[in-house]
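Student: First, the structure itself, so that you have it in front of you.
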Amino acid sequence: YGVTECGPVVALNTPMFNRFGTVGRILPGIETRLEPVPGIEEGGRLSMRGPNIMLGYLRAEKPGVLEPPPGGWHDTGDIVAIDPMGFVTIKGRAKRFAKIAGEMVSLAGIESLAADLWPDRLSAVAAVPDPRKGERLILLTQKKGASRAEFQQFARSHGATELMVPAEVAYEEKLPLLGTGKIDNMAVTRLIKERFAAPPAPAQ
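The opening position of the sequence shown corresponds to residue 626 in our numbering, with each subsequent residue numbered one higher.
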C-alpha cells in the first residue's frame, strides 16, 4: 500500500489473507482511524500511526525543525473502506473528490466513464466553485464534438448518478501531461479554474 509519506508498506495481501480489489490488511502494530467524510456512506479519510510511520515534516519555512504529525497520526489523504475482516479498499484520494449538493463525487469515476465513452481520447475533470451547489464539474476532453448530452446519456445507461454528469464538457486539443504520460491533474485543475472559475450567468 503506497502512501508516499508513510514510508514502508502498511497494508498488503498475502497468500493466506487475500481479497481481490483490496490492498490487503493493515500490518500488525499499525493503528488506523477513519474520519467521516460528508457524502461518503462507507469508509472515511484514513489516518495512521505506528512505528514505521514517518517522524514528521521538514518545511522550508522552518529549516532543521521536524514537525511530527499531531498525536503521531499521519493523514494519508486517502478515502478508504475497511471491512470486518480488516481488508482495506481505497476509494480514492480526498483531493480527487468534489462536493456537489452535499454529496461527494469521485473525479476518477467520472474520468473512467469518459474513457469508456471516448476510449481513443484523453479526458480529465476538475471542480470549480458554484454558488448554489458548492462545486460544479468541468470535463475537458480531446474528443472533438463531445457534448454534455452525449456524456449524460452514456452515464445514465451505465447506472451513474446525475451528480456524475459534468456541468460542462469542453474540447481541449492538448491536455497537460506528466513525464510518465499520465494526466497532470494539478495542471488540469489550474487550467479549468482559470477558464471556468466564474459561474455561468443566470438565465434571463
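Cβ coordinates follow ideal geometry from the N, Cα and C atoms, glycine included.
Taking C-alpha atoms, which residue in THR786, GLY675 and LEU637 lies nearest to THR657?
Tutor: Nearest in C-alpha terms to THR657, of all of THR786, GLY675 and LEU637, is GLY675.
Student: Can a CB atom of chain D be found closer than 8 Å to the CB of ASN810?
Tutor: Among the chains in the structure shown there is no chain D, since it carries only a single protein chain.
Student: Let me check one thing: in DSSP terms, what residues is MET673 bridge-paired to?
Tutor: THR657 and HIS699
Student: Mapping the DSSP letters down to three states, classify THR814 as helix, strand or coil.
Tutor: The answer is helix: DSSP assigns THR814 an H, G or I state.
Student: Name the DSSP beta bridge partners of ARG644, please?
Tutor: Per DSSP, none; premise fails for ARG644.
Student: Measure the C-alpha to C-alpha separation of GLY669 and PRO661 and round it to an integer number of angstroms.
Tutor: 5 Å
Student: If you drop the 5 nearest sequence neighbours on each side, which residues of the same chain put their C-beta closer than 8 Å to that of SER737?
Tutor: none
Student: What residue from GLY727, PRO693, PRO791 and LEU652 has the CA that sits closest to VAL750's CA?
Tutor: Closest option to VAL750, judged by alpha-carbon separation, among GLY727, PRO693, PRO791 and LEU652: PRO791.
Student: Report yes if the C-beta distance between LYS720 and GLY734 is below 8 Å; otherwise report no.
Tutor: no
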